[in-house]
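Notes follow the structure.
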Amino acid sequence: MPETVIHTGNTQTAAELSFDDFRKIVIDDYRVGFESRQASIIGRREVLTGKAKFGIFGDGKEVAQLAMAKAFKKGDWRAGYYRDQTFMFATGMSNLKEFFAQLYANPDIEKDPASAGRQMNCHYATRYVDADGNWTNQAETMNCAADISTTGGHMPRLLGLAYASKLYRQNKELEYLKNFSVNGNEVAFGTIGNGSTSEGLFFEAFNAAGVLQVPMAISIWDDAYAISVPARLQTTKEDISEVLKGFQRDAKGNGYEIFKVRGWDYVALCETYERAIKICREEHVPVLIHVVEMTQPQGHSTSGSHERYKSKDRLGWEEEHDCLLQMRKWMIETAIATVEEVDALEAEAKKHVRNCQREAWSELENEIKAEMAEAVELIDKVAQQSAQRDELLGLMSGLQTCIDPGRRDTIACIRKVLRLTVKENSDARQNLVNYLAAEKDKNTERFNSKLFTNTPKSPLYVPVIAPAYDEDAKVMDGREVLNACFDANFERDKAIVAFGEDVGAIGDVNQGFAGLQSKYTDLRITDTGIREATIIGQGMGLAMRGLRPIAEIQYLDYLLYSITVLSDDLASLSYRTRGGQRAPLIVRTRGHRLEGIWHSGSPLGLILNAMRGMHICVPRDMTQAAGMYNTLLRGDEPALVIESLNGYRLKEKLPTNIGEFTVPLGKAEILKEGSDVTVVSYGSTLRIVMEAAEELSKMGINIEVIDPQTLYPFDTENICGKSLQKTNKLLVIDEDLPGGGSAFILQKIIEQQNGYYSLDAQPKTLSGAEHRPPYGSDGDYFSKPSTDDVIEAVYKMMNEANPGKYPGMF
Ligand SMILES: Cc1ncc(C[n+]2csc(CCOP(=O)(O)OP(=O)(O)O)c2C)c(N)n1
Ligand SMILES: [Mg+2]
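Take the sequence shown: its position 194, counting from 1, is numbered 223 in this note's numbering, and each next residue is one higher.
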């Protein structure tokens, strides 16, 4: 079994305490650990008996977490994974009742404040946004960023949480943000399983934290397995801290402090955490604590048993090295507690956990049963007046005898009753219809709400201010308009920072930030390594801690390297905490046509599908982009802004209120009025559409051109649908693949805006080719919509509608 070289520190903590105090602390720790184990055992049973759907628990990881909790202070952050229940209990950020409420998927925020029943069990979060959209005082609370199930997926966010401390310590202009930091003393604690360190995101975040020198403390819970796959197949040398030794700081330069300690050695763990976190907190040096020789008493999760893939030897070793068993032994050997005392504590703990579980279950069950009783009464009345009385009563009694009923059982029963009685018309039936509608609202709130924060601080409520122009307004390159916008905002709001590849010294590859680093320092405008995923994570962590980051992805094509973080973590944050957490990160990038396979991307279909929960802004020029930044920087929701790559050197007029005017999200703009065809497009393609419009008008065809400006939200005032009432013909044009962004737009207009009813002709899309565009201008012409393509597409629609007036062209 594992032979490990262990580094432990000195024994300061224990030595400074009286034996009695020390004893009390240890016994209390053991109680928390033991209760946590009971929660795992009972939790698993609850899944196996069908009361909960899935269970994954922190058994075998308890003792290290007790030690970690001792080093965790107010203001600190955790970003971890599903094994951390003991830590959450020990810090008080969660408790046993909440643990069970989440296991049972209770959608009540009061009962499961982490996710309101939306996340699998052992996915933690503290709430830091109140109902009015105000931040709580994070400096006075212990903080836990909302977990995600994708292993390793939280590492980029962890980097950002740690980086915020660095900014708060080094940038004295941020001292006014007292709710978020005390001189940057906060440590961001990360946890990750040994297997998940194989993920690229782990290595990317690990390297970035070493470069940035941020107070990030990563604990690796190493149980030598990742479900069934052993360390041999996961990690070079089967030992992650051994592999990472090159990161150890030394006389030659910055790096990490690396610790390795056994997961069943309480004393060594306490010493190690105390020493490691002191360095991390005081010196802002990242630390790695590799906790080895951990176990999984109940196997990986409720999905299967580990007896299938662990040898008898391994299972025997795990039993013997169970961390709580070892701690118990040590407590008895060192006279901290007698056998009788520990036995009594354990018996008491078992009872306590059982009670918490029962309460959590009955709280949910009682609510569901009360709702069911109400529904049953209404169904009964319908049945009494129905021709299908017996069948309805049968359904009703089926509902009443349902084992461990859920809300879905009641609602499904009502819907069936209403289907069966569709031809009947009684007051009782109407009452049931009304009841269903009211329940629908409640269930929408429970299960479907808060994709966005929807607080009064939402960017959707930012006042609209039109751009103002002097008569002799300066005409300049688009990039200079943006630059002036960023300058004004950086001046206005000290919490704004921007970073990305080449953003600092040269002010981004297209000069949007040119000259601003020297004006606002490299703490605010900063170069990063080539690491898209952690650029987003860095921004997300900062945004969660009260800063206003603009994270730049150099080209839209490289957004894919960060898509997991955007999709799984950032876009789902508000939803998965039911509004308890937010990260108003602005992601800036540039895209659409320029040149070549990896510099011409416009994958809006992919983006719209992956990033629901973010605003998607597609400005046609830099003035519109500036107005969107002005809006977003005053709101509290995350967004992606895609600037037009080929627009930076086009001339635009500079508004006098460049840092103040706002472009409302979801407000489509009619760029050209017309009566023949409604043409909807966005971004770079609009310039082509406008060129085509001119030529078409010479042919006697008058198109209406609409720029939705943001794809999410899309045209909230139905301007496209209303235009269709006039033209009765719709053409959607973009540069994405066929069926990508244009399909999304069609669905919005045809279905959601009822455009279908205005159509006289088949709605059409004109998109890019199915492959990526070849390099060069010819490649662009033959694979992206051109002016000729637009003219012909419109003309063809006119030809189909009126071949006499518009004869076939070819
Ligand atoms: C990105 C991703 N890939 C795969 C999975 C499926 N999965 C869930 S847990 C797990 C094993 C993780 O092992 P490890 O990191 O060692 O943590 P442990 O469960 O052993 O504590 C896997 C593969 C996932 N949740 N996320
Ligand atoms: Mg593991």
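C-beta atoms are modelled at their ideal positions from N, C-alpha and C, and glycine is treated no differently.
Secondary structure of residue i, DSSP reduced to three states
{"i": "residue 614", "result": "coil"}
{"i": "residue 659", "result": "helix"}
{"i": "residue 765", "result": "coil"}
{"i": "residue 745", "result": "coil"}
{"i": "residue 504", "result": "strand"}
{"i": "residue 378", "result": "helix"}
{"i": "residue 88", "result": "coil"}
{"i": "residue 554", "result": "strand"}
{"i": "residue 277", "result": "strand"}
{"i": "residue 248", "result": "strand"}
{"i": "residue 226", "result": "helix"}
{"i": "residue 135", "result": "coil"}
{"i": "residue 723", "result": "helix"}
{"i": "residue 640", "result": "coil"}
{"i": "residue 545", "result": "helix"}
{"i": "residue 529", "result": "strand"}
{"i": "residue 833", "result": "coil"}
{"i": "residue 793", "result": "strand"}
{"i": "residue 172", "result": "strand"}
{"i": "residue 736", "result": "strand"}
{"i": "residue 106", "result": "strand"}
{"i": "residue 146", "result": "coil"}
{"i": "residue 827", "result": "helix"}
{"i": "residue 335", "result": "helix"}
{"i": "residue 14", "result": "For the chain, the structure presents residues 30 to 839; residue 14 sits outside this window and is missing."}
Same chain, Cβ closer than 8 angstroms to residue i, neighbours up to 5 away in sequence not counted
{"i": "residue 522", "result": "577, 662"}
{"i": "residue 428", "result": "401, 404, 405, 408, 434, 438, 439, 442"}
{"i": "residue 420", "result": "449"}
{"i": "residue 804", "result": "624, 625, 626"}
{"i": "residue 584", "result": "618, 619, 620, 627, 628, 630, 674"}
Own chain, CB closer than 7 angstroms to residue i, minus 5 neighbours either side, in chain order
{"i": "residue 256", "result": "329"}
{"i": "residue 498", "result": "682, 684, 685"}
{"i": "residue 132", "result": "72, 75, 81, 84, 150"}
{"i": "residue 627", "result": "586"}
{"i": "residue 11", "result": "This structure cannot speak to residue 11, because the chain is shown only from 30 to 839."}
{"i": "residue 9", "result": "Since the displayed the chain opens at 30 and closes at 839, residue 9 lies outside it and no answer follows."}
{"i": "residue 511", "result": "541, 651, 654, 655"}
{"i": "residue 277", "result": "284, 285, 287"}
Closer than 7 angstroms: residue i CB and nearest ligand 1 heavy atom
{"i": "residue 329", "result": "yes"}
{"i": "residue 112", "result": "yes"}
{"i": "residue 164", "result": "no"}
{"i": "residue 301", "result": "no"}
{"i": "residue 179", "result": "yes"}
{"i": "residue 333", "result": "no"}
{"i": "residue 250", "result": "yes"}
{"i": "residue 784", "result": "no"}
{"i": "residue 182", "result": "yes"}
Close-in-space but distant-in-sequence residues of the same chain around residue i (CB under 6 angstroms, 5 per side omitted)
{"i": "residue 846", "result": "A query on residue 846 cannot be resolved here, the shown segment of the chain reaching from 30 to 839 and no further."}
{"i": "residue 61", "result": "118, 119"}
{"i": "residue 506", "result": "678"}
{"i": "residue 553", "result": "526"}
{"i": "residue 34", "result": "With a pLDDT of 42 at residue 34, under the threshold of 50, the modelled position of that residue is not reliable, and no figure is offered here."}
{"i": "residue 581", "result": "529, 532, 617"}
Three CB pairs or more closer than 8 angstroms across the segment 197-207 and the segment 216-229: no
Closer than 6 angstroms: residues whose CB approaches a heavy atom of ligand 2: 222, 223, 224, 252, 254, 255
Touching by the beta-carbon criterion (3+ pairs, under 8 angstroms), the segment 143-150 and the segment 91-107: no
Three-pair Cβ contact test at 8 angstroms for the segment 537-550 versus the segment 179-196: no
Stretch pair the segment 648-655 + the segment 605-612: three plus CB contacts closer than 8 angstroms: no
Three-pair Cβ contact test at 8 angstroms for the segment 817-826 versus the segment 721-732: yes
At least three beta-carbon pairs within less than 8 angstroms, the segment 171-187 to the segment 219-235: yes
Touching by the beta-carbon criterion (3+ pairs, under 8 angstroms), the segment 465-480 and the segment 415-431: no
contact_flag[the segment 585-605, the segment 638-649] where n(CB pairs < 8 angstroms) is 3 or more: yes
Touching by the beta-carbon criterion (3+ pairs, under 8 angstroms), the segment 699-707 and the segment 736-755: yes
Stretch-stretch touch, CB-based, cutoff 8 angstroms, three pairs: the segment 704-718 with the segment 668-675: yes
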